[in-house]
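Written out below as structure tokens is the structure these notes cover.
In our numbering, the protein residues as written are 79 to 746.
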């Protein structure tokens, strides 16, 4: 029978060989963590390689994603659909084994990691999702939701600020099924971390309210096993296992050194390592006895079969709950969703209310959330400003997990990344709120949501210089355009309650990526529309005022600037002008429409165009062209009442009329 050390050495061999073949990568972390991973995966992790998406599997996340060969080796050895050829293709184009773990590539990868600390925050979200689902669906005799989230972190993850945000909240919420394994090897890219990371990590986590297990020898399987057993027993606190390891363990000349962190060991050093480990096999050669010892398919099938019998019995006793559980895990909307959404939109049209779009957003949440119990929301200490709560909001706390609202505190980055984890877990539609300006704090997590193509709804209020007196530190100027530039990020900036309602519907229905919803602080006038206009809102851009089928000028506007543009268009058309007004709440949705529709809205024949938005103008030049004009704000804002700020930047009806006159005169 193979020893634990021999099984761990299979991870080390695959890791150093794959990195060497790629001539790129990080062999040190997987070689140092191999003993920990062997104990966890063989003795504790509940998973099924036959079905990587089994609902009740334990989640395993590598927050220190640069050590990706660790998880690739584990997936390959335990029987997932990750062949030795994919291991050989590590870091190569279109392989299932990219440089950092990427969600949707290799089976068994729970999240995309690499930016340090984000996997840890994702894991907090997964553990939070598990606890909320368990509180909702479990019965005394049926624990159909009962799994752990394991996450590995390195020194770098714990230096990142997001680790403080996420772990502080995890401790406060008492997420006892979150187990963090700290690979404390004391080495980062710049070398020995004693010059820049000297805090007392165990005491830090104790102050968060975590269960801390100190001074584990990360190369002693017995100590690792005892620590994991103790962590699992404590279901009232998240646990952190502080494992002392040697980076690059097994390498005679590079173990414990920065030289094993982010570069191949080199052929000569690999040969010496093979000799030291007693690994007598050629590169990428794993004897059958190793595969037999590592194989988790039979055990995984047994685990899932037991659970399937449990869920079948649950379904007999609680058929409605079981149906709801399955619907939510599959991500299906209720059968009558289209009727629900249309009925609410019709009611908003009939109400014809002039309100701030942030209030219209809250009204939409109120209308939709009572039909969608999977909606789970929160705000970064701005609930009263973002208006992300509703009458059915129940605060999730250490004492009550059966809720649907999270007070994130002033933790924008963790909020976005935790919600990514909730989305990845399945069973929820997560949304969160902060000011648009503070999207900057969470930007990397927004990018990760877009990269992973997961549903996460970001509510950003106070969306422009309309914020007023709080001044340029809080006034969003470049944020809308920069978010539009993010691949796979859908963005809506609605102009009234009707567009706000349609935007929320689109965000709820979008399953293949995140959505940013930008809402105003100030009140916006209700706009009357005919039926075709109402139907075309969902296309991202549509004709709001049609002066003629052959316009001499087209105005494109979004959000709070549509009202001004509409007043000017209506006035000038009454005086003989031929101006078309296009409302474009979502440029990315409009851009995906067919060419015929886009030409109908923005005909190529009309090159006199003005775009207007209270933000930077460069983005809009793709729509107005060389002959057109974009009105906006190309500097930071100013502190003053909103009306004065708009006047200062020329975003007024008077200035718009002046610019229209100058543009039409110039082109005659």
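Beta carbons: idealized from backbone N, C-alpha and C, even for Gly.
Name the DSSP beta bridge partners of residue i, please?
| i | result |
| --- | --- |
| residue 383 | Looking at the DSSP assignment, residue 383 forms no beta bridge with any residue, so it has no partner. |
| residue 208 | Looking at the DSSP assignment, residue 208 forms no beta bridge with any residue, so it has no partner. |
| residue 593 | 535 and 568 |
| residue 92 | Paired residues: none, contrary to the question. |
| residue 473 | 483 |
| residue 624 | 658 |
Throw me the rounded Cβ distance for the residue i and residue j pair, which I believe falls under 8 Å.
| i | j | result |
| --- | --- | --- |
| residue 296 | residue 114 | 5 Å |
| residue 255 | residue 325 | Not really, about 29 Å apart at Cβ, beyond 8 Å. |
| residue 423 | residue 660 | With a Cβ gap of about 20 Å, residue 423 and residue 660 do not count as contacting. |
| residue 407 | residue 206 | At roughly 16 Å, the Cβ-Cβ gap does not stay under 8 Å, so residue 407 and residue 206 are not in contact. |
| residue 617 | residue 564 | 21 Å between Cβ atoms; not a contact. |
| residue 330 | residue 289 | No, residue 330 and residue 289 are not in contact; Cβ-Cβ is about 37 Å, not under 8 Å. |
| residue 570 | residue 595 | 5 Å |
| residue 633 | residue 392 | Not a contact, Cβ separation roughly 58 Å. |
| residue 180 | residue 173 | Residue 180 to residue 173, Cβ: 10 Å. No contact. |
| residue 335 | residue 347 | So it is not a contact: roughly 11 Å between Cβ atoms. |
| residue 471 | residue 482 | 6 Å |
| residue 668 | residue 637 | With 8 Å as the limit, residue 668 and residue 637 do not qualify as a contact, their Cβ atoms being about 14 Å apart. |
According to the neighbour-count rule (16 or more other Cβ atoms, all chains shown, within 10 Å of its Cβ), is residue i buried or exposed?
| i | result |
| --- | --- |
| residue 178 | buried |
| residue 274 | exposed |
| residue 79 | exposed |
| residue 492 | buried |
| residue 208 | buried |
| residue 608 | exposed |
| residue 654 | exposed |
| residue 342 | buried |
| residue 131 | exposed |
| residue 196 | buried |
| residue 589 | exposed |
| residue 138 | buried |
| residue 338 | buried |
| residue 105 | buried |
| residue 382 | buried |
| residue 141 | buried |
| residue 475 | exposed |
| residue 507 | buried |
| residue 233 | buried |
Whose C-beta lies closer than 7 Å to the C-beta of residue i among residues of the same chain, with five residues either side of it excluded?
| i | result |
| --- | --- |
| residue 430 | 604 |
| residue 469 | 444 |
| residue 388 | 220 and 222 |
Quick one, which of the options has its alpha-carbon nearest residue i's?
| i | options | result |
| --- | --- | --- |
| residue 623 | 647, 636, 642 and 336 | 647 |
| residue 301 | 422, 287 and 322 | 322 |
| residue 694 | 263, 542 and 340 | 542 |
| residue 236 | 360, 277 and 555 | 277 |
| residue 554 | 194, 223, 155 and 716 | 716 |
| residue 505 | 410, 448 and 540 | 410 |
| residue 294 | 261, 270 and 265 | 261 |
| residue 167 | 513, 93 and 335 | 93 |
| residue 575 | 435, 304, 381 and 476 | 435 |
| residue 641 | 551, 734 and 673 | 734 |
| residue 286 | 269, 242, 668 and 557 | 242 |
| residue 253 | 145, 510 and 228 | 228 |
| residue 123 | 161, 389 and 225 | 225 |
| residue 458 | 432, 264 and 536 | 536 |
| residue 518 | 557, 511 and 531 | 557 |
| residue 120 | 246, 377 and 175 | 377 |
| residue 731 | 372, 644, 433 and 415 | 644 |
| residue 510 | 539, 503, 308 and 531 | 539 |
| residue 453 | 460, 665, 572 and 467 | 467 |
Under 6 Å Cβ to Cβ from residue i, same chain only, skipping five residues before and after it: list those, please.
| i | result |
| --- | --- |
| residue 375 | 127, 128 and 157 |
| residue 102 | 169 |
| residue 527 | 498, 534 and 592 |
| residue 438 | 575 and 578 |
Here's a check: name, in chain order, each residue in its chain whose Cβ is nearer than 8 Å to the Cβ of residue i, leaving out the five neighbours to either side.
| i | result |
| --- | --- |
| residue 651 | 623, 625 and 657 |
| residue 244 | 195, 198, 199, 202, 489, 492, 495 and 496 |
| residue 631 | 655, 656, 657, 658, 684, 686, 687, 688, 738, 741 and 742 |
| residue 116 | 82, 85, 86, 89 and 299 |
| residue 365 | 359 |
Is residue i close to the ligand ZN? I mean its beta-carbon at under 7 Å from any heavy atom of the ligand.
| i | result |
| --- | --- |
| residue 523 | The ligand ZN is not among the ligands present in this structure, which contains no ligands whatsoever. |
Using a Cβ cut-off of 8 Å (strictly closer), state whether residue i contacts chain B.
| i | result |
| --- | --- |
| residue 284 | In the structure shown, chain B does not exist; there is a single protein chain. |
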